[in-house]
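*Asks:*
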Amino acid sequence: MGCKVPIQQAGMGDVSSPRLAAAVADAGALGMVGLTNAPLSYVEESLDEMRKMTSGVFGANFLIPGLVDDATGKVDPEFAGVVEAAASRARVVDFFYGDPDPALVDAVHAGGALVSWQVGSRDEA
Numbered sequence: 000m001g002c003k004v005p006i007q008q009a010g011m012g013d014v015s016s017p018r019l020a021a022a023v024a025d026a027g028a029l030g031m032v033g034l035t036n037a038p039l040s041y042v043e044e045s046l047d048e049m050r051k052m053t054s055g056v057f058g059a060n061f062l063i064p065g066l067v068d069d070a071t072g073k074v075d076p077e078f079a080g081v082v083e084a085a086a087s088r089a090r091v092v093d094f095f096y097g098d099p100d101p102a103l104v105d106a107v108h109a110g111g112a113l114v115s116w117q118v119g120s121r122d123e124a
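Position one of the sequence shown corresponds to residue 0 (numbering that gives the first Met the number 0), numbered consecutively onward.
#1: So, does the region 59-78 touch the region 89-100, judging by three or more C-beta pairs under 8 Å?
#2: On the DSSP bridge assignment, give the partners of F94 in chain order.
#3: In this structure, what does DSSP give as the bridge partners for V104?
#4: Closest by CA to A86, which one among P5, R121, M31?
#5: Would R88 pass as a contact of D47 if the rule is Cβ separation under 8 Å?
#6: As a quick exercise: from H108, V42, L29, pick the residue whose alpha carbon is nearest that of S54.
#7: Answer with buried or exposed for S15, where buried requires no fewer than 16 other C-beta atoms within 10 angstroms of its C-beta.
#8: Output the distance between the C-alpha atoms of M11 and V42, rounded to the nearest integer angstrom.
#9: Which two residues bound the contiguous beta strand (DSSP E) that contains M31?
#10: Closest by CA to V82, which one among V67, T71, G72?
Here is the structure:
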């Protein structure tokens with residue numbers, strides 16, 4: 000993946016800014032920016048900004064409840080496009096707070112990034 004140290008910053012929802020994630024990436028770890036519920040333009044601008052701020056490895060983090068339609072249980076098609084845009088700009092796209100979804104894996108791979116699922120406890124792992 001290209002990191003110098005085996006540390007991944009948590010996406011932390013909206014708290015993790017591009018500036019923080021870039022600083023983590025500059026320190027040799029995997030910097031993550033939280034992008035849940037962000038519109039496409041914000042995702043593109045944030046990750047393009049990060050590319051200018053760091054040559055380190057960074058990724059995008061999404062919370063599953065913000066991507067899945069509650070009525071159908073399926074990934075909202077609009078967000079699948081957002082995820083793919085993130086994957087075309089970040090090395091890793093990470094998801095949290097939900098079960099792995101093949102449609103999201105496909106969207107990330109279509110964008111050219113690695114995909115991962117974060118767990119919040121030993122039981123979830």
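From the three backbone atoms N, C-alpha and C, an ideal C-beta is built for every residue, glycine too.
*Replies:* Once the coordinates are examined:
#1: Yes, the region 59-78 touches the region 89-100.
#2: The secondary-structure analysis by DSSP pairs F94 across a beta bridge with F61, W116.
#3: Residue pairing by DSSP places V104 in no beta bridge whatsoever.
#4: Among P5, R121, M31, the Cα nearest to that of A86 belongs to M31.
#5: The Cβ atoms of R88 and D47 lie closer than 8 Å to each other.
#6: The shortest C-alpha separation from S54 is found at L29.
#7: It is buried - the Cβ of S15 has at least 16 other Cβ atoms within 10 Å.
#8: When rounded, the distance between both Cα atoms is 16 Å.
#9: Unbroken beta strand (DSSP E) run through M31: 30-33.
#10: Checked all of V67, T71, G72; the closest Cα to V82 is V67.
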